[in-house]
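Asker: Protein chains in written order, with this note's numbering: chain S, 13 to 400; chain C, 712 to 824.
C-beta atoms are modelled at their ideal positions from N, C-alpha and C, and glycine is treated no differently.
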Amino acid sequence: MKGIILAAGRGTRVKPLTYEIPKPMLPIINQPVMELLVRHLARHGVSEVVVNTSYRAPDIENYFRDGSRFGLHMAYSFEGQLKEDELIDEPLGSAGALKRIQEHSGFFNETFVVVCGDAIIDIDLQALLDFHHQKKSIATIALAAVPLEDVSSYGIVVLDQQSRVLSFQEKPLPHESKSNTANTGIYIFEPEVLEHIPSGSVYDIGGQLFPQLVAQNAPIYGAEIPFQWLDIGQVTDYYQVILKALRGEINGWQMPGIEIAERIWTGCNVRLDLETCTVVPPVYIGGSATLEPGCTVIGPSYIGPGCRIASEAHVEQSVVFDYTRVGSNVNITQKLLCGKYCVDADGTTLDLRALDVDWAISDARSQDKPLDDLRKELITALKEMKPR
Amino acid sequence: MKIQLETKGNVAVVTVCSEAIDASNAKEFKEGMIPLLEKHSQVVFDMSHLRFVDSTGLGALLSCLRELHKSNGDLRLFGMTKQVRVLFEVVNMHKVFEIFNTVEEAVASFENQ
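Now the structure itself:
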């Protein structure tokens with residue numbers, strides 16, 4: 013089977029994580045979220061995949077290359093242009109992406125699968141395909157039941173008794189919602205669907221193509237096949253997914269690294285003494301990281317490769333990206349530390365550079381700056397001040 | 712920088728009418744606070760206008776606290792915005808200052824001593 017992975021979005025709702033990483037490349041411990049997806053597709057008999065790329069396209073293309081490492085053929089449909097040595101992203105929308113690929117080579121010449129590059133799924137593709145063929149559907153949407161109070165975060169799909177799509181509700185309020193089945197962004201399409209997409213314009217599957225097909229009374233169906241669907245819509249979703257991975261709650265996920273004690277995994281070359289540091293599982297510590305004696309790391313927590321956690325630093329239920337130095341007496345509880353940003357579990361974001369707090373959190377590769385009077389005063393005061 | 716003072720019993724309620732205490736105005740803030748700290752030992756600080764406190768701002772607040780500790784007084788904070796609260800938690804300042812949700816709670820904490 014052939015497929016397309018939609019990977020062109022700017023990841024606006026996942027800022028600041030996506031300033032330097034496109035959303036599909038956000039790491040789940042040691043591999044990008046899209047790698048989990050690609051491997052799942054390969055296991056389920058997908059042999060050729062085109063990925064539409066735009067925002068930070070080279071990050072995706074240079075990682076997956078021709079896909080042979082992952083057991084399938086991969087190619088890219090770049091949406092944008094090179095201007096003065098800089099790639100300008102000009103995404104075409106999810107449906108526009110399909111049209112462009114089809115017009116390039118007629119790639120979609122058989123039933124194919126469409127997935128978003130930023131979700132973790134374990135759907136049984138064969139079961140979805142069987143449903144699609146049995147219904148003689150031209151477009152089948154994989155649905156997931158969501159709690160009624162959460163429907164306002166999703167595209168809701170309303171079905172009749174035979175699972176045929178009657179209508180869509182985009183992020184309805186709970187009391188206005190006619191169903192609690194959400195569109196997961198996983199579809200099975202017949203090539204004829206592409207004839208309904210206008211050429212050379214920005215066009216969306218959920219917002220434009222589907223309503224148009226329903227209006228034309230085309231046979232579109234919604235499949236309610238239970239599966240794990242971990243959608244990374246917002247920063248807090250990403251944080252929760254990492255905690256799930258650490259707790260072993262992602263289906264089929266194998267924790268990488270060396271298990272040095274029960275549910276404490278590390279990469280190699282880690283400087284850590286479990287006698288002098290307090291480490292409460294589940295915790296993953298990336299390669300070449302340093303945990304100084306006297307520090308505390310309470311799980312579920314992820315410490316990225318090359319990080320340095322100073323003595324008396326406290327990290328709890330947190331995700332710390334690569335090469336972060338967490339200074340002495342610093343308290344990272346329910347936070348995501350990524351580069352220049354600290355994000356609270358509720359989404360509140362601090363720009364660490366603007367706050368000028370390099371004495372507390374910085375890049376582990378930067379040279380320690382000599383402390384000026386203010387920094388000395390702050391560190392001393394925080395050490396000396398008696399905690400209440 | 713406008714610093715407002717209101718007294719509730721023995722407690723001075725101080726409001727800084729600025730969105731930030733940072734490198735650009737911390738000196739002005741400290742100078743503005745000196746006469747207040749000389750007159751009052753029980754001070755509560757309205758943080759609700761502050762969206763941004765950087766290292767220099769933290770230093771300024773700490774120096775006010777230390778000044779009051781010298782006279783057996785205290786500086787207590789209330790109405791902290793989420794942004795500032797997160798920074799306080801990260802650098803453990805929330806363990807150094809007593810922090811309350813409302814002015815009433817902050818003022819009452821002195822009365823209940």
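Determine which residues of the region 331-355 of chain S have a Cβ less than 8 Å from any Cβ of chain C, and write them out in chain order.
Answerer: Answer in chain order: Asn341, Val342, Asn343, Ile344, Thr345, Lys347, Cys354.
Asker: Indicate whether at least one CB of chain C lies closer than 7 Å to the CB of Asp368 of chain S.
Answerer: Looking up residue 368 of chain S in the first sequence gives position 356. Closer than 7 Å: yes.
Asker: Out of S:Gln346, S:Ser211, S:Tyr67, state which residue places its alpha-carbon closest to the alpha-carbon of Leu99 of chain S.
Answerer: Taking the first residue of the first sequence as 1, we reach residue 99 of chain S at position 87. Of the listed residues, the one whose Cα sits closest to Leu99 of chain S is S:Tyr67.
Asker: Exposed or buried, Tyr31 of chain S, counting other C-beta atoms within 10 Å across all chains shown (16 or more means buried)?
Answerer: For the purposes of this step, residue 31 of chain S is taken as residue 19 along the first sequence, with counting starting at 1. Label assigned to Tyr31 of chain S: exposed.
Asker: Chain S partners of Asp785 of chain C, CB-CB under 7 Å?
Answerer: Counted from its first residue, the second sequence places residue 785 of chain C at position 74. In chain order: nothing, as chain S lies at least about 10 Å away.
Asker: Leaving out five residues on either side along the sequence, give the residues of the same chain with a beta carbon under 6 Å from the beta carbon of Asp757 of chain C.
Answerer: If you number the second sequence from 1, residue 757 of chain C lands on position 46. For Asp757 of chain C, where only same-chain residues beyond five positions count, the Cβ hits under 6 Å are Thr726, Gly790.
Asker: Does Ile113 of chain S come out as helix, strand or coil in the three-state DSSP assignment?
Answerer: Along the first sequence, one-based indexing puts residue 113 of chain S at 101. Three-state DSSP puts Ile113 of chain S in a helix.
Asker: Could you tell me the distance, in whole angstroms, from the CA atom of Ala819 of chain C to the CA atom of Lys719 of chain C?
Answerer: Against the second sequence, residue 819 of chain C aligns to sequence position 108. Against the second sequence, residue 719 of chain C aligns to sequence position 8. Ala819 of chain C and Lys719 of chain C: Cα-Cα distance of roughly 10 Å.
Asker: Could you list which residues in chain C have their beta carbon closer than 9 Å to that of Leu362 of chain S, in chain order?
Answerer: What you label residue 362 of chain S is simply residue 350 of the first sequence in a count that begins at 1. Correct list: Gln794, Val797, Leu798, Val801.
Asker: Going by DSSP, what residues sit across from Thr290 of chain S in a beta bridge?
Answerer: For this step, residue 290 of chain S is matched to residue 278 along the first sequence. In the DSSP output, where bridge partners are listed per residue, Thr290 of chain S has S:Thr308.
Asker: Strictly below 9 Å CB to CB, what residues from chain C border Ala376 of chain S?
Answerer: The residue labelled residue 376 of chain S in the question sits at position 364 within the first sequence. Simply none; closest approach about 17 Å.
Asker: Looking only at C-alpha atoms, which of S:Ser211, S:Ser80, S:Glu47, S:Arg77 sits nearest to Lys111 of chain S?
Answerer: Position 99 of the first sequence, counting from 1, holds the residue named residue 111 of chain S. Nearest C-alpha to Lys111 of chain S: S:Ser211.
Asker: Could you pull the DSSP bridge partners for Ala723 of chain C from this structure?
Answerer: Counting from 1 along the second sequence, the entry for residue 723 of chain C is found at position 12. Answer is C:Thr718, C:Val754, bridged to Ala723 of chain C.
Asker: Which bits of chain C does Glu389 of chain S rub up against, with CB to CB less than 9 Å?
Answerer: Counting from one through the first sequence, the residue named residue 389 of chain S turns up at place 377. Ordered by position in chain C, the residues that pass the 9 Å Cβ test against Glu389 of chain S are Gly770, Leu773, Ser774.
Asker: Only counting the same chain, and skipping five residues up and downstream in sequence, which positions put a Cβ closer than 7 Å to that of Ser213 of chain S?
Answerer: For this step, residue 213 of chain S is matched to residue 201 along the first sequence. So the qualifying residues of the chain are Gly108.
Asker: Nearest-angstrom Cα distance between Val295 of chain S and Gly770 of chain C?
Answerer: Numbered from 1 along the first sequence, position 283 holds the residue referred to as residue 295 of chain S. Numbered from 1 along the second sequence, position 59 holds the residue referred to as residue 770 of chain C. Answer to the nearest angstrom: the Cα atoms are 34 Å apart.
Asker: Taking contact to mean 3 or more Cβ pairs, one atom from each stretch, closer than 8 Å, check whether the region 230-244 of chain S and the region 129-145 of chain S are in contact.
Answerer: Contact between the region 230-244 of chain S and the region 129-145 of chain S is present, because at least three Cβ pairs lie under 8 Å.
Asker: Could you check the C-alpha separation between Glu202 of chain S and Glu271 of chain S for me, to the nearest Å?
Answerer: Position 190 of the first sequence, counted from the first residue, corresponds to residue 202 of chain S. Position 259 of the first sequence, counted from the first residue, corresponds to residue 271 of chain S. In a straight line, the C-alpha of Glu202 of chain S is about 46 Å away from that of Glu271 of chain S.
Asker: Write down every uninterrupted run of the alpha helix (DSSP H) in the region 203-237 of chain S whose length is 4 residues or greater and which is fully enclosed by it, in chain order.
Answerer: The region 203-237 of chain S contains these whole alpha helix (DSSP H) runs: 222-227.
Asker: How about Glu393 of chain S: is its C-beta nearer than 7 Å to some C-beta of chain C?
Answerer: Sequence index remark: in the first sequence, residue 393 of chain S carries index 381 (1-based). A small correction: the amino acid at residue 393 of chain S is Ala; Glu does not occupy that position in the sequence shown. Chain C, which has a Cβ nearer than 7 Å to the Cβ of Ala393 of chain S, makes this yes.
Asker: Let me know if Ala273 of chain S comes out buried or exposed under the rule of 16 or more other beta-carbons within 10 Å of its beta-carbon.
Answerer: The residue labelled residue 273 of chain S in the question sits at position 261 within the first sequence. Exposed, because fewer than 16 other Cβ atoms sit within 10 Å of the Cβ of Ala273 of chain S.
Asker: Taking its Cβ as the centre, do 16 or more other Cβ atoms sit within 10 Å of Leu800 of chain C, making it buried, or is it exposed?
Answerer: Along the second sequence, read from residue 1 onward, the residue named residue 800 of chain C stands at position 89. At residue 800 of chain C the sequence reads Glu, which differs from the Leu that was named. Buried.
Asker: Show which residues of chain C have a CB atom less than 8 Å away from the CB atom of Leu386 of chain S.
Answerer: One-based indexing of the first sequence puts residue 386 of chain S at position 374. Ordered by position in chain C, the residues that pass the 8 Å Cβ test against Leu386 of chain S are Ser766, Thr767, Gly770.
Asker: Between which two residues does the beta strand (DSSP E) carrying Glu182 of chain S extend?
Answerer: Sequence index remark: in the first sequence, residue 182 of chain S carries index 170 (1-based). Taken as a continuous stretch (DSSP letters only), the beta strand (DSSP E) holding Glu182 of chain S covers 177-182.
Asker: Counting only Cβ-Cβ distances shorter than 7 Å, please list the residues of the region 135-146 of chain S near chain C, keeping chain order.
Answerer: Residues: none.
Asker: Look at the alpha carbon of Glu204 of chain S and the alpha carbon of Ser175 of chain S, and state the distance between them as a whole number of angstroms.
Answerer: In the first sequence, counting from the first residue as 1, residue 204 of chain S sits at position 192. In the first sequence, counting from the first residue as 1, residue 175 of chain S sits at position 163. When rounded, the distance between both Cα atoms is 21 Å.
Asker: Mind listing which residues of the region 149-168 of chain S have their C-beta closer than 9 Å to chain C's C-betas, in chain order?
Answerer: Residues: none.
Asker: With C-beta atoms as the reference, is Gly306 of chain S less than 7 Å away from Ser323 of chain S?
Answerer: Here residue 306 of chain S refers to the residue found at position 294 of the first sequence. Here residue 323 of chain S refers to the residue found at position 311 of the first sequence. Yes, the pair counts as a contact, with Cβ atoms nearer than the cut-off.
Asker: Would you identify the three-state DSSP class for Cys354 of chain S, choosing helix, strand or coil?
Answerer: For the purposes of this step, residue 354 of chain S is taken as the residue at position 342 of the first sequence. Of the three classes helix, strand and coil, the one that applies to Cys354 of chain S here is strand, per DSSP.
Asker: Please list the segments of the alpha helix (DSSP H) lying wholly inside the region 339-392 of chain S, counting only runs of 4 or more residues, in order along the chain.
Answerer: Here the runs fully enclosed are 364-367.
Asker: Just curious, the beta strand (DSSP E) that Asp101 of chain S is in, first and last residue?
Answerer: For the purposes of this step, residue 101 of chain S is taken as the residue at position 89 of the first sequence. Unbroken beta strand (DSSP E) run through Asp101 of chain S: 98-101.
Asker: Give me the Cα-Cα distance between Leu773 of chain C and Cys350 of chain S, rounded to the nearest whole angstrom.
Answerer: Along the second sequence, read from residue 1 onward, the residue named residue 773 of chain C stands at position 62. Along the first sequence, read from residue 1 onward, the residue named residue 350 of chain S stands at position 338. Taking the straight line joining both Cα atoms gives about 28 Å.
Asker: Could you check which residue in S:Gly219, S:Asp162, S:Gln146 has the C-alpha nearest to that of Glu182 of chain S?
Answerer: Mapped onto the first sequence, residue 182 of chain S falls at position 170. Comparing Cα positions, the closest option is S:Gly219.
Asker: Please classify Asn281 of chain S as buried or exposed, where buried requires at least 16 other C-beta atoms within 10 Å of its C-beta.
Answerer: As a working note, residue 281 of chain S is residue 269 in the first sequence. Exposed, since its Cβ has fewer than 16 Cβ neighbours within 10 Å.
Asker: Does Ala257 of chain S get closer than 7 Å to chain C when you measure Cβ to Cβ?
Answerer: On the first sequence, position 245 is the one that residue 257 of chain S refers to. It does not: the Cβ of Ala257 of chain S has no partner Cβ on chain C nearer than 7 Å.
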